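A.B. asks:
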Amino acid sequence: MSIRSLNIAPRAGLGFGVLALMVFALGGFALLQMANMRQQSDQVENNWLPSVMAVGEMSQDLLRVRALTLRLVVNRDPQALAQNEQKLTDLKNGLHHAQTLYEGLIVLPEERVLFDRFKNQEQQYLQRQEQVMAFSKANQLEDAVRIVNGEMNQLADEMAATLHDLVALNKASANQAANLAQSVFTQSRTWVVGMIVLTALITIGLAVWLTRSIVLPLAQSLKVAQGVAGGDLTGEINVTGNDEPARLQQALKGMQENLRDTIRRIAESSNQLASASEELSCVTEDATRGLHQQNQEIEQAATAVNQMTAAVEEVASNAVATSQASRESDRIAQRGREQVHQTVVSIEALADDVTSNATQVEDLAQKVYGISKVLDVIRSIAEQT
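The numbering of the sequence shown is my numbering, which starts it at 2 and goes up by one.
(1) Would a C-beta distance cut-off of 7 Å place A175 and W49 closer than the cut-off?
(2) In this structure, how does DSSP classify N85 when only helix, strand and coil are distinguished?
(3) Could you tell me whether the Cβ atoms of G16 and L211 are closer together than 7 Å?
(4) How big is the Cα-Cα spacing for I107 and P79?
(5) Is the beta carbon of Q34 closer than 7 Å to that of S189?
(6) Comparing C-alpha positions only, which one of Q297, Q61 and N37 sits nearest to A182?
(7) To the nearest whole angstrom, what separates the beta carbons of L164 and M59, a pair I think is in contact under 8 Å?
(8) In whole angstroms, what separates the C-alpha of S373 from that of T356?
(9) I need the DSSP call for T360, collapsed to helix, strand or coil.
(10) Assuming the contact rule is C-beta atoms closer than 8 Å, L202 and L20 should be a hit. Round their C-beta distance to whole Å, please.
(11) Please state whether DSSP places W141 in a helix, a strand or coil.
(12) Tell me whether the beta-carbon of L156 lies closer than 7 Å to the beta-carbon of Y126.
(13) Helix, strand or coil for D91? Go by DSSP, reduced to three states.
(14) D78 by DSSP, collapsed to three states: which one?
(15) Short check: CB of V56 to CB of L167, under 7 Å?
(16) Going by C-alpha to C-alpha distance, which of V198, E111 and V149 sits closest to Q128?
(17) Answer with buried or exposed for N239, where buried requires no fewer than 16 other C-beta atoms within 10 angstroms of its C-beta.
(18) Compare the Cα-Cα distances from Q141 to each of R77, F186 and L102 and report the closest residue.
(19) Assign S28 to one of three DSSP states: helix, strand, or coil.
(20) Using the C-alpha atoms, what's the distance from I205 back to L102?
(21) If you run the structure through DSSP and keep just helix, strand and coil, what is G105?
(22) At the level of alpha carbons, what is the spacing between N243 and E279?
Next up, the structure:
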């Protein structure tokens, strides 16, 4: 299906719809990448950083438990012993709280393995610490010192190593999340820039395509209209599509064909009129010749009448002898003279009418000659089609 089969409004809507779709796609992609970066940031903010802080808090609490356990052996003041024992209880509660918080943040299997190892080591350490407290209360300091310097030191070193591994694992995971966020940002920036460039190119292409689909047929229609206005009806109009410019071209083509047909009919009529004018000219010439001949005959008749009048007058003068005959002849001559005079007047009126008709025929011949010139101009225009 040709794009010219669509009207301008749906065509423009299709083009702008594609642009809007690309803008939505670009925005959706940017939002998706921003969500990925936010997810990595959330993992650092809500998981790895709190995990490191919780491990650090557990490490501090264990160090303080270890220090207070040593005080139980060193400082034997009853009041100091009571205070240290209370502090140990508070530290153990804080350690348990930190462990609970950290356990809720575990997401990696290897992190779970390290934390379970730490809990096992911590349980053994706290059991030994309870034994030290019991020996301290029983004043069995040698046994307490033996446990502190022996198993507790070893377990404390093992817990410190495990906590160090947990901190290193969380820091590595945090760095990995940060690097991933940076990678997502770099990749997103590249993709967004590429999509912006692609969108701009497609926008330019759509603009050129839409403009050409409207301007080119309009330019062709304008060229044909200018040619028709200048009297050139030979231009060809190729109609393609079914949009508004195509319908305009179709209307111009119909107008051009109608003008051609009208000029053709005018040319045919002018030919017929030229033939009729030629025939009329011939008839006029024949009528003029006939009128001239008739005028000559009338003049001859008038001469004959004059001669007859002279003869009558001569007869009247010679018939004096017979009065009655003369009177009768005179009466007849007078009546004949009157009739001849009336005939002469009629002949002169006829001559005037013939002369007037000859003048009108000459005017008609001049007008026919002018019409022939107009017909020649129309015939030259018709020959162009």
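Even for Gly, the Cβ is constructed at its ideal location relative to N, Cα and C.
Here the structure is a predicted model, which is why all the values come from computation and not from measurement.
C.D. replies: The structure says:
(1) yes
(2) helix
(3) Cβ atoms of G16 and L211: closer than 7 Å.
(4) 42 Å
(5) yes
(6) N37
(7) Contact holds; Cβ gap of about 6 Å.
(8) 26 Å
(9) helix
(10) That pair is no contact at about 12 Å.
(11) The identity of residue 141 in the sequence shown is Gln, whereas the question assumes Trp. Coil at Q141, not helix or strand.
(12) Annotated as proximal: L156 and Y126, with beta-carbon spacing under 7 Å.
(13) helix
(14) coil
(15) yes
(16) V149
(17) exposed
(18) R77
(19) Note that residue 28 is Gly in the sequence shown, not Ser. Three-state result, G28: helix.
(20) Straight-line measurement puts the Cα of I205 at about 57 Å from the Cα of L102.
(21) coil
(22) 51 Å
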